[in-house]
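S.K.: This is the structure I have questions about; it appears just below.
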Amino acid sequence: MKIEDELYKQIIMEHYKSPKHKETMENPDKQQEGVNRSCGDEITLYLKLDGDIIKKASFDGVGCSISQASASILTNVITGKKISEAKNIIEKFKKMLLRGEEPEFAEEESDIEALEGVKRYPIRLKCALLSWNTLEQMLDEDNKN
Ligand code: ZN
C-alpha cells in the first residue's frame, strides 16, 4: 500500500470517528434526507443560509465509515461557501469519482481527495456520493421555485 493511501485512510477514519458538524439542526432553512439502500446508509443534511451563503451545514445519520466520513468532509467544506461554490465542488467531486479526472481542490478542500480511492470500489461509490447527491438535490430544488 502506498503511503498516500494510508494517509487517506487515516483522514477518512478520523472523520468517521469524530465527525465534524454531526448534529441535528434546529430550524434549518433546508433539510433533506438521503438513503443508500445497497449499503443501509441514511443521512439527513441541514443548511442554514444567509442569502446565497451557506452559514452553517450539519448532518445526522447512520451508515458505513465511507458514507459518514464523506458527509463530515462535505459539511466541513461547504460551510461559509456560496451556493454556487458548493455546486462547483459537488461537480468536481463527481468528476473525480465518476470520470477519473483529477480536478484541483483548494487547500481547505483537500480532505475531499482522501475519498478518491473509492473510485476503485464501484460498490462503495454510492456510499461516498450519498451526501453529495443529497446536497445537490437540495440545492437544485431552488431552481424549480
Ligand atoms: Zn455505505
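Numbering (the working numbering), first residue to last: 58 to 202. Glycine included, C-beta positions come from ideal geometry on N, C-alpha and C.
#1: Skipping 5 residues on each side, what residues in its chain have a beta carbon closer than 6 angstroms to that of Lys149?
#2: To the nearest angstrom, how far is it from the Cα of Asp22 to the Cα of Trp189?
#3: Going by the beta-carbon positions, is the gap between Ile130 and His72 smaller than 7 angstroms?
#4: On the criterion of 16 or more Cβ atoms from any shown chain inside 10 Å, does Tyr178 qualify as buried, or is it exposed?
#5: Between the alpha carbons of Glu99 and Val92, how many angstroms are there, rounded?
#6: Report yes if the C-beta distance between Thr191 and Leu106 is below 7 angstroms; otherwise report no.
#7: Closest to Lys113 by C-alpha separation, out of Asn84, Ser124 and Val119, would be which residue?
#8: Nearest to Lys66 by CA position, among Gly174, Leu196 and Asp197, is which residue?
#9: Just reading off the beta strand (DSSP E) that Val175 is part of, what are its end residues?
#10: Mind reading off the beta-carbon distance from Met70 to Ser115? Whole number of angstroms is fine, and I expect it under 8 angstroms.
#11: I need the straight-line Cα distance from Lys138 to Asn145, nearest angstrom please.
M.R.: Judging by the given coordinates:
#1: Pro160
#2: Residue 22 lies beyond the range of the chain shown here (58 to 202); nothing can be said about it.
#3: yes
#4: exposed
#5: 5 angstroms
#6: no
#7: Asn84
#8: Gly174
#9: Segment: none, Val175 is in no beta strand (DSSP E) and carries neither H nor E.
#10: That belief does not hold up - the Cβ atoms of Met70 and Ser115 are roughly 20 angstroms apart, past 8 angstroms.
#11: 11 angstroms
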